[in-house]
Structures are given as structure tokens and as C-alpha cells.
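Right, dumping it as C-alpha cells:
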């Protein structure tokens, strides 16, 4: 975030990185990203969405990553690619690398002598690391993180701060975990014994793959008996709830406020939009997309888009439609009865 | 979680505990639970759902808890009961007891001299306990927990870590609170004075009964003037929001991502499924079940199941149905008009 | 919360504060608020909702704030105003002022020498304050709060505890932030490169205005390139998710469990009820109200009420209506076809 951490790249270097065609001066050097309308000299911008094309003519960026269709209109050096957004991601990672680590353990951290912490890892202020924990190379354990007994953090993984990893849980390599995340809380497992809830000990773990990203205050519960498993390259947004025994396939994306009930099995390359709910004990095959605020109540065996979310409309209109919906079955049966009656009458004529 | 904490029970002991009929060797000793398909020798498994019956023949478990209908097929010692899931819960609690406490206050914890902490309680690393706090016998106050002034924690209650209990709030006995929970945050109370929100001081408390379980990152707001009250034996899942002045009856269950607006009164033995919303200032009688992602907007006075959640379907089908729904009132009125016109025409014939 | 912090006001002083007409003894002194039914001597109560009028006759309060229509029935000193709820808010703020600060830095806090902390601010136990942070006058930085490098907290702002403010983020003056809030977590920004998610560095900030209130465990993500901006006087409830690049207008209210996808632009004086979802990359003009659990999928350009939330009904009724809804398009087309056929038949007669 501070200048010293930023990379500096020439347009030529960028073009090589993303396989772009250069139109303009390849020797220009840029050191940060900005949007077309707020960029200043030394910035590179990108144009991906049609809606932003109007800012291209007036941009003060030193260079712009864009598609062929906008190349002719670009007033500055252009880097032409097929997918400007993907190219942007790759370049931005070079220009804005993560903060450099300061290897070592902050004196205020409480670290068990029985923990195995790589010499290249950074453990920040007031972190708590219990016995049997293993922290890999180049990890960042942010301030206030708590790693309970026997948990393991793979190399290059960064826990931003105030992250709780419960006992025996495992996080893979190069993961990024935002603040407030709880990994390995007890699953919601109870048996109902004549009206009272009997707690079932949750003895499984959470096993998280490599290159997983987890948003702020999200929760991933430990398994009841088996483990909860998050595949490689999965991205999980803020305030997502993942119940015990869920299994999430590689490269699946789960957006904010979504909730997966226990034992949900989600395939690879799925996308669950914001506020989606899965009813639990069901299975989504690979390549399933569920749109915003939809609820999935049975397994899905065919890739594709699934939906049940309702879009808001004018409140008075909605009230009328809503009233009809609450009587829909009755209304349709009545309409059919009236139609039937008329058809018989007509038939007799 | 480690072997030393596990219990060891003979099949005979288990049968006595759960009132089971033994078919097979009563002297076998087991020390942990596992699922039918992953169990090894020394494990006990259970069979509750039909879908798992196919794993019974091949199980390597030393014993299985199951219902009468599967007893004949069980290849190992069988414990026959009416409700295998409830029996499982009771046995699992014996085999997997909670971690033993190490009584005392961790040297890194910040504990006010004005706090009253039982000698049998464990206060873990970097916990903060302010003046006037009372922590009962055999409590576990996990790492990073914050107990603000005047709060009280009943005997045997466990706060897993990073739990915030705000001033004057009271938690009963034998409760289990998962990481990240906030008890007693200010309620969302504001008066709108010509367009600007005027904060209303929230002076009530949160009063939580005995044997309550609260999931990770859940929030229970303090009352505005009166208290927010959670009954005995209530179970609350992750990321649940409970607004100020709510009153939740004994043994009610609230699943993940549910949200209760302020002054919701919920009876005993209710079940609110995942993502359910209560509109606030309403009352649910005892024995109400609300299914997933439904919204309750008025009081419910009769026990039973209530619903308004929509199940996802193929996206193209849904788009068409959704378009119809947004015009439902108009469409039905038009259909009725056309039918009326025909009926008149027919009448005149 | 403790008696010493409470204010004491005479009815005369209160009447001047809220512009009330006094009916009764103006010299009575009160020191706290209570509800009509639980008030004792020395308390002031208010009557706003019709439903509570039945408690007026029996109240033990020393005085009551109420509207003209109830003045005649009030058995104790009455303070008559137009809007009792707004009056209540103003008086309650005087009677229950926030806890007094104890200026200074708790010895257990970890504060960088490069931080600039006002001498009148209180930094509580085990807070972490990094280099380049600025904490203004009369701030309260509660226990376990983490202020990352370069963040700024305006004068009079209170962070209740366990609040994370990520690097470079800015909070205005007189804000109140409840426990567990994460400000400035990375936005959910990824490009999909042939099935794999490529992380996009999130280099924007969160900029929060003055007099903003944020509920427990809420999350406000930092911008991707530009900033996420929260206007003045905005109130945000528990467990709300605000995605990167959102812009929220002044005096807007967002209730619990609501989720705003990235780049949502919300106007001034809007109200988003509990569980509302915004689809992102859309704009709500000033004065828009969205009712509970509705989803907004396109921009709204006209002030007013918008809705798509469904109210729960009897489960069997709902199942039938739900089944009809899933075939609504087909059913309506069939009905229309049958009607068309009859109309033609009738026409030929």
C-alpha cells in the first residue's frame, strides 16, 4: 500500500506478461493501477465494460489495457488483449504485490514452545499460537489471530488478523484469509431427545486446499465425524456460512451472505451468488451457477444456471402480486373450473 | 480431540447408557465414533438415515447403533434402539468429552482485580476481563475473549475464543459459545428526526439461560430499555442476528444466517431454518417451524409449519415464471375479465 | 451503565430540551428511562405505540413523554410532544450518556511509536495500533481493536472492541462501531482465467463519514481501485455486508443481514430493510425504501417503496402455491389457449 512496495513495469514488460499487442510507446514505465477517469501520469488503466468507454478519450493514464474494438480510440499507449479484465488482474498483481513480510515473532504474541513456526514466517502482535501448531514458510499470521492446538497453516498463506483457526484444522498454501474468519467452529449438530437438544461432539476437522480465499467474518464449521473440505482455488466472500461436512470442489466461488447447510456437496467451478442458500444433504455437480438469493432444496445433476430469486418492483404492484401468489393454487383451480364449465356448455350447444 | 481425552466404553456400558438391546459381543470396548464407511476397529458407528444402509455390510466398525429394521443385517455387534441419532448423541458425548480445563489465569490475560473468577475456571491467553465480572466454576474463557464490566458467566460455560460479552450481560450455566460471537452489542435503535437518525441509548442487557449454544460470529443485541432474553436449551447457529428486546423460548433452534428483528418474541420448541427472517414486533407461539429462507411478517398463533421460501429451478424456466409473477395480478384480472365476458355471452345464447 | 454515569434532569429541563408542554409537576427529577410497565419512581417513560397505551394508567414512572391524544389519561406528570419517539431519543441521550473515557493507553496495548494518538483518547487493553495511524480527540479504542498502518479515526469516535480497521482506511468523527466489525477487508475481486480465479489486488480504501453507526460483525470492504464511501449519518446494522466500491449516501439506514454487492451506489435517506440484497453495479436514487428480504437487480431512479419479499403462510398452502409458481408461465399460457379457443368458438356461433 505504501510506495516502496509497489512494483514498476515498462509497457514492454507488461505486454510480455499478458501477451498484449502494443500500440504506442513501449518504453513508458507505470507503477500503479487506477481507473480511466481518476488515473494520473504513471498509472495504467484498463477498459473492460462498455459503460466506461466514455472515459477513454479524456484519460490521463499513461497506458490502457483494452480490447481490439477500442484500440483506435485510445489517446495514449494501448495494450491490446482478448480479455482486458484477466490481463488487468495479472498486471495488478505485479504492480501491487502483497506487503513484504518482516520475518519473526512479535514480542507480544503468545506462542507455545510446542509450536513449529518457520523462520521466514511473520507472527504479528498479540497472535496466539498453541502447541502442536505448524506455520509454514512465508506465512503471515496477522495481529490477534488465534491458532488452536494442532492446526496447520501452509506456506505463503496470509491470515489478515483476528482469524480463529480451531484445533486440528488445516489450511493449504498461498491462501488469503480476511479478518474475523472462524475456521473450525463446532458444527450445528444436535439430536432432539423429547424436545431437548442433545449436543453432538463435533470431532471432524476443516481441511482447506491451496490458493483459497476467505472473506471477512465468514465461518467454516468443522465436520461432525468426517471433515469439512474446501478444494483448491475456491473463493469465499464475506459472511458466508459453510456448515459441517460440506465439501466444496476446486475453483468454486461463493458470494457474500450465502449459507451452505451441513453436508452440502458442491462441485468444481460452481458459482453461488450472494445470499444463496443450500438446504443441506444435497449435491451440486460441477459447473452449476445459482443466481442471487436463490434456495437450492434438492440435488442438481446437470451443469447450468438455476434460480429462484425475486427482483424487487414497485411496492404497490408487488403487494397485489404477492396477494395473488398466496392464493395462486386456489385461483388457478377456480379459473380452470370456470373454463371447464364453459367448455361443457359450449360442447352442448 | 487428542487421544488422552477420549473416553473408553464397553458395549455393555453403552447399552446401559442408551437402553439398547445388544446383539453380539457385549464386552467389546470402543473409544471413538466414526461413520460406517470410514470406521476402523475400536470405533462405534451409527446408522440413522436409509441412505447409509448400503455401508452397513462392509463396515469395519466394532459396533453399530441402529434401529430394529437393520439389526439382522449388521455384520458386527449391534446396539438396537428406537432412535439411533439420539443414542449416538448421548454416546458421543461420553466418548468425546470436552477438553479438560487447566484451571487458572493465563499470564498474558488482562484481568481486573475487581473481577470475581472461580478458582476452577480457565482463562486463556490474551483474554480481557473487566471489573465487576463474575466467572463461575469450571468455565473456559478462551483466548482473546473480552468480558466487559459487570458481565456474568455461569458455571461450566465455555467461550471458545474471541467472544465479546458486553457490559452487564449474563450468560447461564453449561453454555457453549463459538468464536467471534458478540453478545450485547447495541441494538439498532434510532429515531428519525427530520431525516437524521438520532441514536437511542441501549440500556437493556442480554440474559442468556442455561445450556444455550451459540454459533460462530452470531450477534445478540442488548435490549433498548428492557432486556433481550434467550431461554434455556436454545441452540443458535452461525451468523444469526438477534435484535434488541427479542425473547426466545426454551429449546428453540435457530439455524444459520437467520435474522430476528427487534422485539421478536419466539415461543418454546420452535425451529427457524437457515436464512429465515422475522420482521420484528411480532410473536410466534410455541411449536412453530419456519422453513428455509422464509420471512415472517405477522404473528403466528398456531403451532405448525410455515413457509415462503422458493426452490431454485432451471434458470430459463424461472425467468419465464418470474416475469409472469411480476404481472400476476394484472394477468389474473385479465383472465377473469375474459372469462366473465364469455360467461355473459354464453348466458345470452 | 453504572449509576454514576447517568444524568439527572428535571421535568422542566427535559421540556426545554424537547419543546414539550408540561402537565403536572415540573420540578420532578428523573435519572433514567424505563418502559411504562417496568418503570419505578425516578424513571421517565414514553408512549409511542398504541399497543402500549394500556400500560399508561398503571405506570409507576415519575413522568411520561407522550402525544396530545394520551395527555388526559396520564396519571403522572406528562410531557406532551408531537413525536414522542424522537423526544425520547433526545432525552435518553442526556440521561444515559456514553461511558466516560479514561484518557490514556492501557499498558497491555501494542501501540507503534509511529502512531499519533490524541492525549484525550482512550486506548483499551490489548488493542493494536500500527505505524502511521491517527486517533483523534476523545476517541475510545476498545479492547482487542486492531488499527492497521495508516488508518485514521476521527474525534469522538468509539470502537467498542475487537474492531479491525485495515490499512489506510478512514473513519470520521463521532462514529460508533460495534464489536467484531471489519472495515477494509479485501473486496471480492477476481478475474476468471480459463476456470481459475485470479486475485485482483484491492488498492482502494474505505472512507467513512461522520456520525456513522456500524453494527456488530458487519463488514465493509475496501475499494478495488477507487474507494468504498459511506456518507455522514449512515446507520448500518449487524452482519451487513458492503462490497467494494459501494457508495452510500448520507442518512441512509441498512438493517441486519443485508448485503450490498460491489459497486452498489445508494442514495441519501434510503432504507434497506433486513436481509435485502443489492445485485451490484446498480444505483438507487435518494429516498428509496426496500422492504425486507427483497432483492434489487436493477437501478431505481424514482423514490418510493420497492419490494419482492414473500410472507410465510401455512406450509401446506405454500407448497401448493409454490408448485403452481414453478409452472406459472406454462399454466397461464394453457389457460390463455383454452380461453382463445372458446372465444373463437363463441365468435363462430
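Residue numbers (the numbering used here), protein chains in the order written: chain A, 30 to 378; chain B, 30 to 378; chain C, 30 to 378. Every residue gets a Cβ at the ideal spot worked out from N, C-alpha and C, and that includes glycine. Computed from a prediction, not measured in an experiment: that's the story for all the values here.
State the Cα-Cα distance for the pair residue 51 of chain C and residue 255 of chain B, rounded to the nearest angstrom.
For the purposes of this step, residue 51 of chain C is taken as residue 22 along the third chain, with counting starting at 1. For the purposes of this step, residue 255 of chain B is taken as residue 226 along the second chain, with counting starting at 1. So the two alpha carbons sit approximately 26 Å from each other.
Between residue 379 of chain A and residue 48 of chain B, what straight-line distance do the alpha-carbon atoms span, to the nearest angstrom?
The requested residue 379 of chain A is not part of the displayed model; chain A covers only 30 to 378.
Would you tell me roughly how many angstroms separate the C-alpha atoms of residue 88 of chain A and residue 334 of chain A, rounded to the nearest one?
Working through the first chain from its first residue, we reach residue 88 of chain A at position 59. Working through the first chain from its first residue, we reach residue 334 of chain A at position 305. In a straight line, the C-alpha of residue 88 of chain A is about 38 Å away from that of residue 334 of chain A.
Distance check for residue 232 of chain C and residue 32 of chain A, CA to CA, integer angstroms please.
Taking the first residue of the first chain as 1, we reach residue 32 of chain A at position 3. Taking the first residue of the third chain as 1, we reach residue 232 of chain C at position 203. Summary for residue 32 of chain A: the model assigns pLDDT 41, below 50, so the residue's position carries little reliability; its value from the coordinates is reported in the next sentence. Looking at the backbone, the Cα of residue 32 of chain A and that of residue 232 of chain C are separated by about 12 Å.
Once you ignore the five residues that flank residue 95 of chain C on each side, which residues in its own chain have a CB closer than 7 Å to its CB?
One-based indexing of the third chain puts residue 95 of chain C at position 66. Here the set comprises 75, 76, 103, 107, 109 and 113.
Pick helix, strand or coil for residue 115 of chain C, following the three-state DSSP scheme.
Taking the third chain and counting its residues from 1, one reaches residue 115 of chain C at position 86. Here residue 115 of chain C sits in helix by DSSP.
Return the chain-ordered ranges of every beta strand (DSSP E) run that is complete within the region 167–240 of chain B and spans a minimum of 3 residues.
List check, beta strand (DSSP E) in window: 211–214, 219–222, 225–228 and 235–237.
Less than 7 Å between the beta carbons of residue 147 of chain B and residue 162 of chain B, yes or no?
Residue 147 of chain B sits at position 118 when you count from the first residue of the second chain. Residue 162 of chain B sits at position 133 when you count from the first residue of the second chain. No, these two residues do not count as a Cβ contact at 7 Å.
Run through DSSP, which three-state label would residue 148 of chain B get?
Within the second chain, numbered from 1, the residue matching residue 148 of chain B stands at position 119. The answer is coil: DSSP assigns residue 148 of chain B none of H, G, I, E or B.
Taking only beta-carbon atoms, is residue 108 of chain C less than 7 Å away from chain B?
Translated into the one-based positions of the third chain, residue 108 of chain C becomes position 79. By this cut-off, residue 108 of chain C is not an interface position.
Output yes or no for whether 7 Å exceeds the beta carbon distance between residue 239 of chain B and residue 203 of chain B.
In the second chain, counting from the first residue as 1, residue 239 of chain B sits at position 210. In the second chain, counting from the first residue as 1, residue 203 of chain B sits at position 174. In this structure, residue 239 of chain B places its C-beta atom within 7 Å of the C-beta atom of residue 203 of chain B.
Please report the straight-line C-alpha distance between residue 339 of chain C and residue 250 of chain B, rounded to a whole angstrom.
Within the third chain, the letter at position 310 stands for residue 339 of chain C. Within the second chain, the letter at position 221 stands for residue 250 of chain B. So the two alpha carbons sit approximately 26 Å from each other.
Less than 7 Å between CB atoms is the rule here; does residue 306 of chain C satisfy it with respect to chain A?
On the third chain, position 277 is the one that residue 306 of chain C refers to. Using a Cβ-Cβ cut-off of 7 Å, residue 306 of chain C counts as an interface residue toward chain A, since at least one Cβ of chain A sits closer than that to its own.
What does a CB cutoff of less than 6 Å around residue 177 of chain A pick up in its chain, not counting 5 residues either side in sequence?
Translated into positions along the first chain, residue 177 of chain A becomes position 148. So the qualifying residues of the chain are 159, 195 and 196.
Within 6 Å: the Cβ of residue 322 of chain B and any heavy atom of the ligand ATP?
This structure does not include the ligand ATP; it has no bound ligands of any sort.
Beta strand (DSSP E) segment containing residue 43 of chain B, residue limits
As a working mapping, residue 43 of chain B is identified with position 14 in the second chain. In the DSSP assignment, residue 43 of chain B falls outside any beta strand (DSSP E) and within the unbroken alpha helix (DSSP H) covering 40–47.
According to the neighbour-count rule (16 or more other Cβ atoms, all chains shown, within 10 Å of its Cβ), is residue 92 of chain A buried or exposed?
Working through the first chain from its first residue, we reach residue 92 of chain A at position 63. Buried is the call here.
According to DSSP, simplified to helix, strand and coil, what is residue 257 of chain B?
Position 228 of the second chain holds residue 257 of chain B. Residue 257 of chain B falls in the strand class under three-state DSSP.
Quick check on the DSSP output: the alpha helix (DSSP H) that includes residue 358 of chain B runs from which residue to which?
As a working note, residue 358 of chain B is residue 329 in the second chain. Start and end: 357–377.
Which value, in whole angstroms, describes the spacing of the CA atoms of residue 386 of chain B and residue 297 of chain B?
There is no way to answer for residue 386 of chain B, as the model of chain B reaches only from 30 to 378.
Check whether chain B comes within 7 Å of residue 42 of chain C, counting only Cβ atoms and requiring the distance to be less than that.
As a working mapping, residue 42 of chain C is identified with position 13 in the third chain. So, not an interface residue.
What does the alpha-carbon distance come out to for the pair residue 311 of chain A and residue 252 of chain A?
Residue numbering aside, residue 311 of chain A sits at position 282 when the first chain is read from its first letter. Residue numbering aside, residue 252 of chain A sits at position 223 when the first chain is read from its first letter. Looking at the two C-alpha atoms, the distance is approximately 16 Å.
Would you say residue 295 of chain A and residue 281 of chain A are within 7 Å of each other, going by their C-beta atoms?
On the first chain, position 266 is the one that residue 295 of chain A refers to. On the first chain, position 252 is the one that residue 281 of chain A refers to. Yes. Within cutoff.
Against residue 368 of chain C, what residues of chain B qualify as contacts under a CB-to-CB distance less than 8 Å, listed in chain order?
Along the third chain, one-based indexing puts residue 368 of chain C at 339. Listed along chain B are 364, 367, 368 and 371, each with a C-beta nearer than 8 Å to that of residue 368 of chain C.
Considering just the uninterrupted stretch of the beta strand (DSSP E) at residue 100 of chain C, what are its terminal residues?
To locate residue 100 of chain C, count along the third chain from 1; it is residue 71. Residue range 97–100 is occupied by the alpha helix (DSSP H) that includes residue 100 of chain C, with no beta strand (DSSP E) assigned at that position.
Have a look at residue 241 of chain B and residue 207 of chain B and give me their C-alpha separation to the nearest angstrom.
As a position in the second chain, residue 241 of chain B is number 212, starting the count at 1. As a position in the second chain, residue 207 of chain B is number 178, starting the count at 1. Rounded to whole angstroms, residue 241 of chain B to residue 207 of chain B spans 11 Å at the Cα level.
Is it the case that the Cβ atoms of residue 269 of chain C and residue 247 of chain C are separated by a distance below 7 Å?
What you label residue 269 of chain C is simply residue 240 of the third chain in a count that begins at 1. What you label residue 247 of chain C is simply residue 218 of the third chain in a count that begins at 1. Yes, Cβ-Cβ distance for residue 269 of chain C and residue 247 of chain C is below 7 Å.
Under the rule that 16 or more other beta-carbon atoms within 10 Å means buried, what is residue 131 of chain B, buried or exposed?
Looking up residue 131 of chain B in the second chain gives position 102. Classification for residue 131 of chain B: exposed.
Using DSSP's beta-bridge definition, name the partner residues of residue 307 of chain A.
Residue 307 of chain A sits at position 278 when you count from the first residue of the first chain. Looking at the DSSP assignment, residue 307 of chain A forms a beta bridge with A/289 and A/325.
Report the rounded CA-to-CA distance for residue 350 of chain C versus residue 358 of chain A, giving the unit in angstroms.
By 1-based counting over the third chain, the position of residue 350 of chain C is 321. By 1-based counting over the first chain, the position of residue 358 of chain A is 329. Rounded to the nearest angstrom, the two C-alpha atoms are 5 Å apart.
Do residue 305 of chain A and residue 137 of chain B count as a contact pair if the criterion is CB distance below 7 Å?
The count along the second chain starts at 1 and reaches residue 137 of chain B at position 108. The count along the first chain starts at 1 and reaches residue 305 of chain A at position 276. For residue 137 of chain B and residue 305 of chain A, no; Cβs fall outside 7 Å.
Which residue's Cα is closest to the Cα of residue 263 of chain B: B/374, B/121, B/135 and B/200?
Here residue 263 of chain B corresponds to residue number 234 of the second chain, with the count starting at 1. For residue 263 of chain B, the nearest C-alpha among the options comes from B/200.
Closest to residue 184 of chain A by CA distance: which of A/288, A/377, A/168 and A/66 is it?
Start at 1 with the first residue of the first chain, and residue 184 of chain A comes out as number 155. It is A/168.
In whole angstroms, what is the alpha-carbon distance linking residue 34 of chain A and residue 272 of chain B?
Counted from its first residue, the first chain places residue 34 of chain A at position 5. Counted from its first residue, the second chain places residue 272 of chain B at position 243. Here the model assigns residue 34 of chain A a pLDDT of 49, short of 50, so the residue's position is not dependable, and the following value carries that caveat. Distance between the alpha carbons of residue 34 of chain A and residue 272 of chain B: 43 Å.
Quick check on the DSSP output: the alpha helix (DSSP H) that includes residue 108 of chain B runs from which residue to which?
Mapped onto the second chain, residue 108 of chain B falls at position 79. No alpha helix (DSSP H) holds residue 108 of chain B; the beta strand (DSSP E) holding it covers 106–109.
7 Å Cβ cutoff, residue 292 of chain A in contact with chain B
Mapped onto the first chain, residue 292 of chain A falls at position 263. It does not; no Cβ of chain B falls within 7 Å.
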